[in-house]
Each structure stands twice: as C-alpha cells, then as structure tokens.
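**Student:**
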Amino acid sequence: MSQDEWARQRKDNHKEVERRRRGNINEGINELGRIVPNGTGEKAKGAILSRAVQYIHHLKENEARNIEKWTLEKLLMDQAMGDLQSQLEDVKGMYQREKQARERAEAELAILKGVQERLGAAGAAALASASANSRSGENQNAGEEPGRRRPREDEGAEGSGGQNGNADRDGKRQRME
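Below is the structure:
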C-alpha cells in the first residue's frame, strides 16, 4: 500500500468514526426530545438541550422538596410514635394497677364471704337459740310488770362482744376489717 492510499484509508476511517459519533449525539438529542415534556415543540438541537436542562433542574427541585417533606413527615411520625408508645405505657400501668386492685377486691370478697359463712352459721344458731328463749320467755314474762323491759341474757356480754353482739341480735352484720 502506498503512502497516498494509506492516507486516504485513514481519512475515510476518520470520516466514518466521526459520522457514527454525530449519529450517536443526534440520537441522544432526539431521545431527550421525546422524554422531556415539549413546551414549544421545537426540533432544534439547542432548544431540546435547553429544555432538558430546565427539566432536570425542575426534577431536582421537586426531589429536594419531596425529601424535605418526607423528612418532616418522618420526624412527625417518629414523634407521634413516641407519644403513642408513652400512652401505651401509661395504659399498661393503669391496667396493671386496676388488675391488682381487682385482685385485692376479689381476695377481700373471698375473705368476707368466709367470715359471712362463719357468722351466718353462728348467727343462725344464735337466732335459733333466741327464738327458743323467746318462746320459753313468754311464759316467764307473764308475771312481770307491763312496760318494764326485761334484761337480755346477752346484754351482760356487751362489754366484750360490743357491737357485733347487737348487730347479730338486730339481724345485721357489721363489716369486719
């Protein structure tokens, strides 16, 4: 190959490479023209590139606003979540206190039922005894003065029995603590 042929071959290769490069550039610009929203519909390469730059700036601004908005929303959500966690802990504490109070009340109720059963059995025996005494006492009271009160047998135990004796006598039970 001669020097001229070699130079011509080199020149042709360079032209082909340059043609492919321009084709790629034009293809990229045309693709940008299809992607970027078309404001004026211009087909000029410079106008397409200018619109692409504006659109990219617009997208970046929107992204920055969205990031700021999402960050603020996340902070608010985190704060709300913390508040809800705090409220949950408060409610759990109230629940535990109420549960303990209910358990204490149930235990006290069980104790009182046991006392009531014991007093009920003793009270029933006392009522039966009092009933028997009152029937036999009616016969004895026939000789007493009218209007005069007969002393009760259990009044002597009032100092030691106190109100419980009176409460049993009256048919009422006092709360035991």
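Sequential numbering of the sequence shown, starting at 1, is according to the UniProt record's numbering.
Note that the Cβ used here is the ideal one computed from N, Cα and C, for glycine as well.
Since we're looking at a predicted model, the values are computed, not measured.
1) Give the secondary structure of N62 by DSSP, where H, G and I count as helix, E and B as strand, and everything else as coil.
2) Is it buried or exposed for G28, if we count other Cβ within 10 angstroms and need 16 for buried?
3) Using CA atoms only, rank isn't needed, just tell me which of H57, L32, H58 is closest to G46.
4) Which value, in whole angstroms, describes the spacing of the CA atoms of S131 and V115?
5) When the Cα atoms are used, what is the spatial distance from G93 to A80?
6) Looking at the unbroken alpha helix (DSSP H) that takes in K43, where does it start and where does it end?
7) Please classify I48: is it buried, with 16 or more other beta-carbons within 10 angstroms of its beta-carbon, or exposed?
8) Taking the alpha helix (DSSP H) that N38 falls in, what are its first and last residues?
**Tutor:** Let's see:
1) helix
2) exposed
3) L32
4) 23 Å
5) 20 Å
6) No alpha helix (DSSP H) holds K43; DSSP gives it neither H nor E.
7) buried
8) Element bounds for N38: n/a, residue is neither H nor E.
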